[in-house]
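Residue numbers (our numbering): 4 to 127.
Remarks on the structure that follows.
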């Protein structure tokens, strides 16, 4: 078995995605069994004149979808889905079902052949 720690990426940052990011980020920091940094794909939006990714990375809060809840500092927002998925061993897909196919097609060439995904989508 390899001693290299596995890398986790979260694909999606709505209310449910940000909730998963908070839980997973805190657990990774607490237990240290995975790479500390988690890239979280964020569909870029402007909130009060600022990019949502900048707000999340600077204030550690998704003010649009999970206001009042701080995200751990090891969760890094990224507006490029392929970059978010790159190098990940585990992909946590937390998207509305209607966006899964298109998003997966966009990132498929960046995903490791050995990676696996877990879907947290609520509807199929």
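From the three backbone atoms N, C-alpha and C, an ideal C-beta is built for every residue, glycine too.
All values reported here derive from a predicted model rather than from experimental measurement.
Do residue i and residue j have their C-beta atoms closer together than 9 Å?
i           : j           : result
residue 115 : residue 75  : no
residue 45  : residue 27  : no
residue 102 : residue 23  : no
residue 69  : residue 25  : yes
residue 85  : residue 112 : yes
residue 73  : residue 50  : no
residue 93  : residue 42  : no
residue 121 : residue 99  : no
How would you label residue i, buried or exposed, when you count the other beta carbons within 10 angstroms and need 16 or more for buried?
i           : result
residue 117 : exposed
residue 71  : exposed
residue 106 : buried
Report the option in the options whose CA atom is closest to the CA atom of residue i.
i          : options              : result
residue 91 : 18, 40 and 20        : 40
residue 14 : 123, 105, 101 and 97 : 97
residue 79 : 95, 72, 89 and 59    : 59
If you follow the beta strand (DSSP E) that residue i is part of, which residue opens it and which one closes it?
i           : result
residue 95  : 93-96
residue 126 : First-last for residue 126: undefined, no H or E at that position.
How is the alpha helix (DSSP H) around residue i delimited, first residue to last?
i           : result
residue 119 : Unbroken run through residue 119 is the beta strand (DSSP E), 119-122; no alpha helix (DSSP H).
residue 14  : Per DSSP, residue 14 belongs to no alpha helix (DSSP H); it is in the beta strand (DSSP E), 11-14.
residue 88  : 84-88
Next on the checklist: For a minimum of 4 consecutive residues, which ranges assigned as the alpha helix (DSSP H) are wholly contained in the segment 27-51?
Outcome noted: Listed in chain order, there is nothing to give.
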